[in-house]
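In what follows, a single structure is set out as structure tokens and then discussed.
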Amino acid sequence: MADELAALVVTGAKRATASAVADYEHAGEPLPRTGQLAIVVDGRGRPRAVIRTVEVRVGPLSSVDDRFAWDEGEGDRSRSGWLRDHESFFRRYLPTIGSRFTDDLPTVFERFEVVFAE
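Right, here's the structure in full:
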């Protein structure tokens with residue numbers, strides 16, 4: 010999956026990402042901040058792009074809007090598809106970090122711009 014996501018970033022199709030707040034808490038990491046730089050790596054850990062966070066919002070998973078779903082660049086890019094896919098992912102993933110899915114799951118909605126892409 011990392012290869013596919015990195016390719017979406019490099020091509021510009023993916024300009025947003027969403028994560029559960031619980032994921033950051035579990036990792037002991039702070040939430041992303043506007044202006045923060047990050048390196049996007051592929052499935053082999055090779056750098057593919059540098060991105061800069063341009064917007065961060067925390068809200069319930071269900072608060073995703075059509076524009077964010079489109080900007081995330083995955084699946085059919087619709088809000089309904091986005092919610093279906095993310096709920097499915099979080100229901101599988103969250104128990105592995107000692108958390109669980111709820112309808113109002115606190116979610117980090119992050120928008121970014123590509124600073125450099127290979």
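Sequential numbering of the sequence shown, starting at 10, is according to this note's numbering. Quick reminder that beta carbons are idealized off the backbone N, C-alpha and C, glycines included. Given the structure is predicted, the values throughout are model-derived calculations rather than measurements.
Of the choices the options, whose alpha-carbon is the least far from that of residue i?
i	options	result
VAL30	THR111, VAL124, GLY90	THR111
ARG57	GLN45, ALA16, PRO115	ALA16
PHE99	ASP32, ALA25, MET10	ASP32
VAL59	LEU114, LEU103, ARG24, PHE77	ARG24
GLU127	PRO39, ALA27, VAL49	VAL49
LEU92	TRP79, SER71, VAL123, PRO39	SER71
ASP113	ASP85, GLU96, PRO39, VAL123	GLU96
GLY107	ALA22, ALA36, MET10, LEU14	ALA36
Which term fits residue i, buried or exposed, when burial requires 16 or more other beta carbons within 10 angstroms of its beta carbon?
i	result
VAL73	buried
ARG66	exposed
GLU81	buried
GLU119	buried
LEU46	exposed
GLU83	buried
THR26	buried
VAL124	exposed
ALA78	buried
Answer with yes or no whether the minimum CB distance from residue i to chain C is below 8 Å.
i	result
PRO39	Annotation note: the requested chain C is absent from the structure, which comprises a single protein chain.
If residue i sits next to residue j, beta carbons under 8 Å apart, how far is it from one beta carbon to the other, in whole angstroms?
i	j	result
ASP51	ASP75	Contact doesn't hold; Cβ gap of about 29 Å is too wide.
PRO69	THR116	7 Å
THR62	PRO41	5 Å
Which runs of the beta strand (DSSP E) at least 3 residues long sit entirely within the stretch 36–108? Give them in chain order.
Here the runs fully enclosed are 46–50, 56–69.
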